[in-house]
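Undergrad: Going by full-length UniProt numbering, the sequence shown opens with residue 1, and the numbers climb by one from there. Sharing a structure here in structure tokens format.
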Amino acid sequence: MQNLVEVKDLKKSYDLKEAVRGISFKIKDNEILGLLGPNGSGKTTTIGMMLGLLKPSNGEIIIDGKKIEDNRIEILKKINFISPYIELPKKLTVKQNLIVFGKLYSVPDIKKRIEYLSEKLRLEDLLNRITGELSSGQKNRVSLAKALINNPKVLLLDEPSASLDPEIG
């Protein structure tokens with residue numbers, strides 16, 4: 001079976017500082033991998049490179065059999081992410097946010113997908129609320145729904161349990 005994700009000798013330097021030092025790993029379909037390390041150890045930088053937002057100084061990232069550097073647009077349709085450093089539009093309702101991201105990913109039957117995710121993540125009571133007025137835990141659940149809206153093959157979670165309620169996390 002082909003690896004869903006393969007990262008080979010990935011490095012990222014900023015001037016003289018090495019942010020990521022030769023990380024390599026493979027992930028097969030339905031596997032979970034956790035990158036653990038102290039603050040500043042390169043976890044978020046690695047995710048940024050996997051999303052094609054940052055260019056590696058060295059190494060290779062292959063997702064679903066294709067190199068991210070050559071196939072970023074195609075690969076981005078199959079992956080999604082959540083990060084506490086990126087906020088959803090604050091003036092839209094939760095439902096409006098999910099519709100926008102569903103349309104960006106060309107999700108068929110967005111309404112049905114939003115209903116499903118709302119039930120699973122306990123968002124039913126939040127759908128008509130303004131996103132900017134939610135608690136940090138509620139915002140994280142909405143961000144998780146956004147990340148799952150396109151039913152991604154690869155889901156990248158940067159600090160996934162930050163501000164989640166214990167029964168949800």
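Cβ coordinates follow ideal geometry from the N, Cα and C atoms, glycine included. In this text, all values refer to a predicted model and were calculated from it rather than measured experimentally.
1) Determine, using beta carbons only, whether VAL142 and VAL107 come nearer to each other than 8 Å.
2) What residue ranges within the stretch 121-151 form continuous alpha helix (DSSP H) runs of no fewer than 4 residues, ordered along the chain?
3) Who pairs with VAL7 in a beta bridge, going by DSSP?
4) Which residue's Cα is closest to the Cα of LYS146: ARG129, SER24, GLU6, ILE114?
5) Could you give the residue range of the alpha helix (DSSP H) that holds VAL100?
6) Which residue from ASN71, LEU127, GLN2, ASN80 puts its Cα closest to that of LEU156?
7) For TYR85, name the three-state secondary structure that DSSP assigns.
8) Reducing DSSP to helix, strand and coil, say where ASN80 ends up.
TA: Per the coordinate set shown:
1) no
2) 136-148
3) PHE25, ILE61
4) ILE114
5) 94-104
6) ASN80
7) coil
8) strand
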